[in-house]
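S.K.: In terms of this note's numbering, the sequence shown opens at residue 6 and continues consecutively.
Just so you know, even glycine gets a beta-carbon here, dropped at the ideal spot from N, CA and C.
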Amino acid sequence: RASKGYQAMDDAGVALKTTTIRDKLIPNINNELKANNYDPEIVAAHKDIQDNLKLLDKVTSSPYVDFGRLEKVRSAFSDIAKGTDDKARLAKVVTKEIDSYLGNIKGTDTLSLSGTSATKAMEALTQARTDWRNQSRAQVIQDLLDSSTARIEGSTGATGDIVKRNLVNLTS
Numbered sequence: 006r007a008s009k010g011y012q013a014m015d016d017a018g019v020a021l022k023t024t025t026i027r028d029k030l031i032p033n034i035n036n037e038l039k040a041n042n043y044d045p046e047i048v049a050a051h052k053d054i055q056d057n058l059k060l061l062d063k064v065t066s067s068p069y070v071d072f073g074r075l076e077k078v079r080s081a082f083s084d085i086a087k088g089t090d091d092k093a094r095l096a097k098v099v100t101k102e103i104d105s106y107l108g109n110i111k112g113t114d115t116l117s118l119s120g121t122s123a124t125k126a127m128e129a130l131t132q133a134r135t136d137w138r139n140q141s142r143a144q145v146i147q148d149l150l151d152s153s154t155a156r157i158e159g160s161t162g163a164t165g166d167i168v169k170r171n172l173v174n175l176t177s
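#1: How many angstroms separate the CA atom of Ser177 from the CA atom of Ala86?
#2: Provide the residue span of the beta strand (DSSP E) that contains Leu107, from first to last.
#3: Relative to the C-alpha of Val70, which candidate in Asp84, Ile26 and Ile54 has its C-alpha closest?
#4: Could you tell me which of Ala143, Gly120 and Lys63 sits nearest to Val78, measuring between CA atoms?
#5: I'd like to confirm the pairing. Which residues does DSSP put opposite Tyr69 in its beta bridges?
#6: Check this for me: beta carbons of Ser80 and Asp104, under 8 angstroms apart or not?
#7: Apart from the five residues just before and just after Ala96, which ones in its own chain have a Cβ nearer than 6 angstroms to its Cβ?
#8: Suppose you measure from the CA of Thr115 to the CA of Gln144; what does that come to, to the nearest Å?
#9: Between the alpha carbons of Thr135 and Ile110, how many angstroms are there, rounded?
#10: What would DSSP say about Ser117, mapped onto helix, strand or coil?
#11: Just curious, the alpha helix (DSSP H) that Lys87 is in, first and last residue?
#12: Helix, strand or coil: how does DSSP classify Ile31 here?
#13: Alpha helix (DSSP H) containing Ile54: first to last residue?
#14: Out of Asp91, Ile47 and Gly120, point me to the one whose CA is closest to Ala17's CA.
#15: Leaving aside the five residues before and after Arg74 along the sequence, list all residues of the same chain whose C-beta is less than 7 angstroms from its C-beta, in chain order.
#16: Given this structure, state the Cα-to-Cα distance separating Glu128 from Asn42, to the nearest angstrom.
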């Protein structure tokens with residue numbers, strides 16, 4: 006549903022201003038990665054994160070970014086985040102920052118490319134933002150279930166205990 010909401014934004018000609026992505030999102034991502042010991046010059050496993058950050062820079066080279074393109078960048082990080090290694094941990098950090106940014110965008114962070122009324126664009130933006138938050142939460146739960154399934158298949162512990170441990174880890 007979130008994808009449909011952002012497709013509606015694209016169809017309405019509403020896009021994100023590149024300046025807000027560069028001034029808000031990218032610095033937040035860089036700060037969080039730095040706080041999480043991100044160093045692609047030394048750690049080879051961090052190269053994939055660096056490559057996808059370059060993709061984000063490329064996407065923001067035009068005056069505006071449509072929601073579909075930003076969602077593709079998020080999906081690239083989300084795919085990496087499915088692992089259990091350090092690269093996956095950092096990809097989760099980036100995905101969380103993108104979700105946080107999109108969950109809090111304002112009308113001033115967007116622009117209408119088609120002359121759509123501001124009210125209609127804001128209604129679409131509000132719905133898309135809500136859907137994006139819900140999709141992000143659903144992804145966290147799906148990751149938990151995937152992790153539990155992997156552990157259940159590889160261990161002999163009680164299924165309920167494994168799921169419970171993962172829920173405790175998720176909420177801490």
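M.R.: Answer, in terms of the structure:
#1: Its pLDDT being 47, under 50, Ser177 is placed unreliably by the model, and the measurement read from it follows with that caveat. Roughly 18 angstroms separates the two Cα atoms.
#2: For Leu107, no beta strand (DSSP E) segment is defined; the enclosing uninterrupted segment is the alpha helix (DSSP H) at Asp91 to Gly108.
#3: When the alpha-carbon of Val70 is set against those of Asp84, Ile26 and Ile54, the nearest one is in Ile26.
#4: The residue with the shortest Cα to Cα distance from Val78 is Lys63.
#5: Lys22, per the DSSP bridge assignment.
#6: No, these two residues do not count as a Cβ contact at 8 angstroms.
#7: Answer for Ala96: Phe82, Ile85 and Ala86, listed in chain order.
#8: Approximately 25 angstroms between the Cα atoms of the pair.
#9: For Thr135 and Ile110, the gap between their C-alpha atoms comes out near 11 angstroms.
#10: In this structure, Ser117 counts as strand in the three-state DSSP scheme.
#11: No alpha helix (DSSP H) holds Lys87; DSSP gives it neither H nor E.
#12: Ile31: helix per DSSP, three-state reduction.
#13: Residues Lys52 to Val64.
#14: For the residues Asp91, Ile47 and Gly120, the minimum Cα distance to Ala17 belongs to Gly120.
#15: So the qualifying residues of the chain are Val64.
#16: The straight-line gap from Cα to Cα measures roughly 39 angstroms.
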